[in-house]
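S.K.: In our numbering, the protein residues as written are 343 to 719.
Here it is, the structure in full.
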Ligand SMILES: Cc1ncc(COP(=O)(O)O)c(C=O)c1O
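As structure tokens, this is what we get:
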């Protein structure tokens, strides 16, 4: 089936009792047992929930994965992944990832003896060079938040296969509509489903997708044993949202492309970052591994004062953390999403205090461009 068809139907069958076409939110913490040990396969809400399973299967189908394992946030999903390694093991991470991922790895997981190397993964050779005897995993985000750097997923997957490492891709920025890392050889995909998958800025969620039975088994165990599960209602909202993922992503992409192109014609935008611009240094890779360029645009105004003033003056764009919702957001990564990353590391990757990140929504693009123009004036 095509993507839009799967988005609407995969993982869902009408309710057996009533014939309800839409999977309901099974808001129950427990299930009746006829006698001890005799039940319908559902024992306790943390372990089993049909709304959650339907959502997991739906997103797994979209990512071309066999298994989906959902968590209460994107970071909870990433944290669960850390159970695939143990104290003394080493993980290679692309140097520009979401600030919270950096914080989780450097400020929490290192206390448990896990070691991290941060490399510029735009060049896959840097990843291969960073491999040590105790390396177990390569974790990349592509495109990165907020610099929109790309990593060649197939090249990383090949390196990981050669050295028997697990490859993980944070696919939050693209959603499976534009990029399917499992089909490019990656072992695991992670999403903050808070973002495009849900798309309406009303849920915090995360999910892992894989074709590897052993990874699935371990992550399913962790999901239950550590317990960072999403609520059935949040799962229902995400399942409702993925039905429109295809149409939303097309519009995000169309609007973002127009805004990025528009910004490049304006002197006040010192540098525009968008993988759909031919001048993006990895435009060819973007065309190769993505089927669209997404809704995220970053722009360097050349001065912190101008960046702050822009963020204050826009009216249709809302100043807020997060991204991927139908409404347009503006954010100042240095003081918001990436405040946990030390300034010298931010500067090394080009994340200046003068950088603004736009999450382009699906409003009328003329209104968005007028809003940007008015703020500048
Ligand atoms: C690329 C990326 N990955 C992971 C996360 C973490 O997700 P959550 O906020 O759902 O925990 C975020 C959050 O902004 C993100 O942007």
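A virtual CB, placed ideally from N, CA and C, is assigned to each residue, including glycine.
Since the structure is predicted, the reported quantities are computational estimates derived from the model, not experimental observations.
Determine the burial state of residue 569: buried for a count of at least 16 other Cβ atoms within 10 Å of its Cβ, exposed for fewer.
M.R.: Looking at its Cβ environment, which holds fewer than 16 other Cβ atoms inside 10 Å, residue 569 is exposed.
S.K.: So, residue 666 versus residue 541, is the Cβ gap smaller than 8 Å?
M.R.: Yes, Cβ-Cβ distance for residue 666 and residue 541 is below 8 Å.
S.K.: Does any heavy atom of ligand 1 sit closer than 7 Å to the C-beta of residue 514?
M.R.: yes
S.K.: Take residue 445 as the anchor and find which of 707, 687, 702, 717 has the nearest alpha-carbon.
M.R.: 687
S.K.: DSSP three-state call for residue 697: helix, strand or coil?
M.R.: Here residue 697 sits in strand by DSSP.
S.K.: Examine ligand 1 and report whether any of its heavy atoms sits within less than 7 Å of the Cβ of residue 487.
M.R.: Because some heavy atom of ligand 1 lies under 7 Å away, the Cβ of residue 487 counts as near it: yes.
S.K.: Going by other Cβ atoms of all chains shown within 10 Å of its Cβ, with 16 needed for buried, is residue 451 buried or exposed?
M.R.: buried
S.K.: Ligand 1 and residue 615: does the residue's C-beta get closer than 7 Å to at least one heavy atom of that ligand?
M.R.: no
S.K.: Determine the direct distance from the alpha carbon of residue 381 to that of residue 630, and round the result to whole angstroms.
M.R.: 49 Å
S.K.: Taking all protein chains shown into account, do 16 or more other C-beta atoms lie within 10 angstroms of the C-beta of residue 376, making it buried, or fewer, making it exposed?
M.R.: exposed
S.K.: Could you round the C-beta distance between residue 637 and residue 597 to whole angstroms and report it? I think they count as a contact, below 8 Å.
M.R.: With 8 Å as the limit, residue 637 and residue 597 qualify as a contact, their Cβ atoms being about 7 Å apart.
S.K.: Going by the beta-carbon positions, is the gap between residue 584 and residue 401 smaller than 8 Å?
M.R.: yes
S.K.: Can you name, in chain order, every residue of its own chain whose Cβ lies under 7 Å from the Cβ of residue 562, other than the five neighbours on each side?
M.R.: 411
S.K.: Just checking residue 410 against ligand 1 - is the residue's beta carbon closer than 7 Å to any of the ligand's heavy atoms?
M.R.: no
S.K.: Going by Cα to Cα distance, which pick from 653, 520, 532, 472 is closest to residue 715?
M.R.: 653
S.K.: Report the option in 388, 362, 378 whose CA atom is closest to the CA atom of residue 372.
M.R.: Closest in C-alpha terms to residue 372, from the list 388, 362, 378, comes 388.
S.K.: For residue 670 and residue 343, what's the separation of their Cα atoms in angstroms?
M.R.: 31 Å
S.K.: Would you give the residue range spanned by the beta strand (DSSP E) that residue 557 belongs to?
M.R.: Unbroken run through residue 557 is the alpha helix (DSSP H), 555-568; no beta strand (DSSP E).
S.K.: With a cut-off of 8 Å, do at least 3 Cβ pairs link the segment 453-472 to the segment 692-703?
M.R.: no
S.K.: Just how far apart, CA to CA, sit residue 513 and residue 420?
M.R.: 12 Å
S.K.: List, from N- to C-terminal side, the beta strand (DSSP E) runs of 3 residues or more that fit wholly inside the segment 630-670.
M.R.: As far as the segment 630-670 is concerned, its whole beta strand (DSSP E) runs of at least 3 residues are 638-642.
S.K.: Excluding the 5 residues flanking residue 575 on each side, which residues of the same chain have their C-beta closer than 7 Å to its C-beta?
M.R.: 367, 369
S.K.: Is residue 575 helix, strand or coil when you go by DSSP?
M.R.: helix
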